[in-house]
Every structure is written in C-alpha cells, then in structure tokens.
C-alpha cells in the first residue's frame, strides 16, 4: 500500500474547483476528473480560467440577478455597488469571503474554489467505482496545475490506488522535479501538455520559459510510467506543420511515450472570463477545422509517433 495512504494522508487538504463525473477525454475509460485550483502558467487561450488563481474567487453572472439587494447588505467590504448600469463588483475591494454569494439564491454571485480533504474527495470518487470497473476508467487530477498541490495530490491518488482505482494526472510540467517525485509513486498514467518548442514563443504565449518543462518531459519519457503528450492546437501559435512537427520530433525520442494527442482550441471559455472580470485574449480565435486537425495528425504520424486527434 502506498505510504501516503494513512489517516494523516487522507486529512491532507487542497483547493479544488469541481469534481466532474463521466469524463471520457481525460484518460482511458470513464473517469472522474478532479480540477485543482492554481496554475503557474498564463496561457492566453486557457479553457479553465477559474483554476488559474489558487484562492477562491467570486464569479458574477449579471443576467441572473433579480436585484434584491441582499448581496450589497451582506458584503462587509463595500465591494458591491448599485449604479445606473446595475450592480457592479469592485474587485479591488473584494476579499473573497463569499458572504454575498451565500445570500444570492439566484446564483448571480457564485464562489469558485473550495478547500477539501483527500478523504472527502476519495468518498466521491469511490461512488463511481462501477463505471471505472466496466470501462477501464479511473480518476484524473487536472486543473490548474495539480503538482502545485503535490502532497494533497499524492495523498488522494495513493488512496485511490489502494482501492484499486486507476490514477492519472494532467500537468503542464512547469514545476521542480521534487514535485513529480512526490506524486509519481501514486500515478498510473502521465498526461503532459506541450505547447511549442521555441522557448521565446513559449514565454510570450504562456508567460514562462519551457526549459523546465522540456527537462521534465525527458526525465518522464525515460521513466517506467506510460506517458501521453497532449498538444492544444492554437491558431496563430502552433497550428502549423513546422510547430507540430518539432514537438513530434522531440516526442519520438521518449521511450515511455504511448501516443501524442492533438486537442483543438475551442472558444467556449469567454463566459468564464467575463464572470471573473478577466480579459479573454483568445476571444477572436476560431476552432481549427477537422481537415486542419487531420493534416496535423499526418505530420505527427510522419515521425512514426502514434497520434490521436481529438474532436473534444
């Protein structure tokens, strides 16, 4: 039994946004995906902006507001104001206490992110065991970046393994190796995102260098665990034969690689950005066509790398 599967391990606490059931794109079979909060990349196309900050945040959905005024009375910071255009949240004053959301039964104000123990999440995961057994599925940790909460992730995944549940983790890999060392004993499948090989382009579009990511990818690719490399295909960033080919060339030298997966950008995150008061720089981008995805998959195959082009 993994060392982290103890009463102490199950009491480890982390911050998540949600537990999503019946997922079919986050690893083999039917999976339950746990989204952890906090990420140290700032990819301008991010599909899950609610997972970027580590702390709980207030989402605002003005179209749901019934103008009862309960939120204004509940806010201890004066962060909610009534204007001619309607109620406005002054985010600079908001402390994320959640009192306004607790009073908003119309769900025009919603807190995203909450703290849980590994044991609490395990109980929810175990409820889906029948789906895992019938489909060869399991639990996947995603985010955000799960390795920023390495001890919590290790405790949860160890407990899942001890109960015979297949475990997987999705990571961008921009963490010190000791974070991987903490979690890897409890992982059955690694899914690593790679965006671009060019370091300066990577810095421009994600906010960080890819040096640590590529170093970790090489160590993971030489290890014993099966590795899937996932590429989000972003128009104007990496949707060319040259960009995808350079990643495929790199991936072809990783013995642990199972396959490379191409994931098309989708423009469905705009509402999330709006609700969080964030700028969505990818708003004008279009989803890559099936023909484009197929052509890029052919590029990967030309390097003798197994490839899947997702329609998700």
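In this note's numbering, the protein residues as written are 3 to 314. Backbone N, C-alpha and C define an ideal beta-carbon position, used for all residues, glycine too.
| query | result |
| --- | --- |
| Between which residues of its own chain and residue 253 is the CB-CB distance below 7 Å, once the five residues before and five after are set aside? | 231, 259, 262 and 307 |
| Taking the alpha-carbon of residue 165 as reference, which of 288, 188, 153 and 182 has the nearest alpha-carbon? | 188 |
| Contact check, residue 195 vs residue 168 under 8 Å by CB: the rounded distance? | About 20 Å; that fails the 8 Å criterion. |
| Give me the residue from 158, 135, 136 and 138 with the minimum Cα distance to residue 144. | 158 |
| Could you check whether residue 25 and residue 35 sit closer than 7 Å to each other, using their CB atoms as the reference points? | yes |
| Would you call the region 54 to 69 and the region 172 to 185 in contact, with 3 or more CB pairs under 8 Å? | no |
| Along the chain, where does the beta strand (DSSP E) containing residue 18 start, and where does it finish? | 15 to 25 |
| Strictly by DSSP, which residues pair up with residue 270? | Beta-bridge pairing links residue 270 to no other residue. |
| Span of the alpha helix (DSSP H) holding residue 223? | 213 to 223 |
| Evaluate residue 70 with the Cβ neighbour count: other Cβ atoms within 10 Å of its Cβ, from every protein chain shown; 16 or more gives buried, anything less gives exposed. | exposed |
| Just verifying my parser: in three-state terms, what is the DSSP assignment at residue 305? | coil |
| Can you tell me whether residue 196 is helix, strand or coil according to DSSP? | coil |
| Do residue 275 and residue 51 have their beta-carbon atoms positioned less than 7 Å apart in this structure? | yes |
| With which residues is residue 261 paired in a DSSP beta bridge? | 230 |
| Would you call the region 14 to 30 in contact with the region 117 to 126, where contact means no fewer than 3 C-beta pairs closer than 8 Å? | yes |
| What is the rounded straight-line gap between the Cα of residue 212 and the Cα of residue 186? | 21 Å |
| In terms of residues, what are the limits of the beta strand (DSSP E) holding residue 119? | 116 to 119 |
| Any idea which residues DSSP pairs residue 37 with across the strands? | 20 and 144 |
| Going by DSSP in three states, residue 311 sits in which element: helix, strand or coil? | strand |
| For residue 66, list the residues DSSP reports as bridge partners. | Beta-bridge pairing links residue 66 to no other residue. |
| Rounding to the nearest angstrom, what Cα-Cα distance links residue 156 and residue 234 in this structure? | 26 Å |
| Using the C-alpha atoms, what's the distance from residue 109 back to residue 304? | 50 Å |
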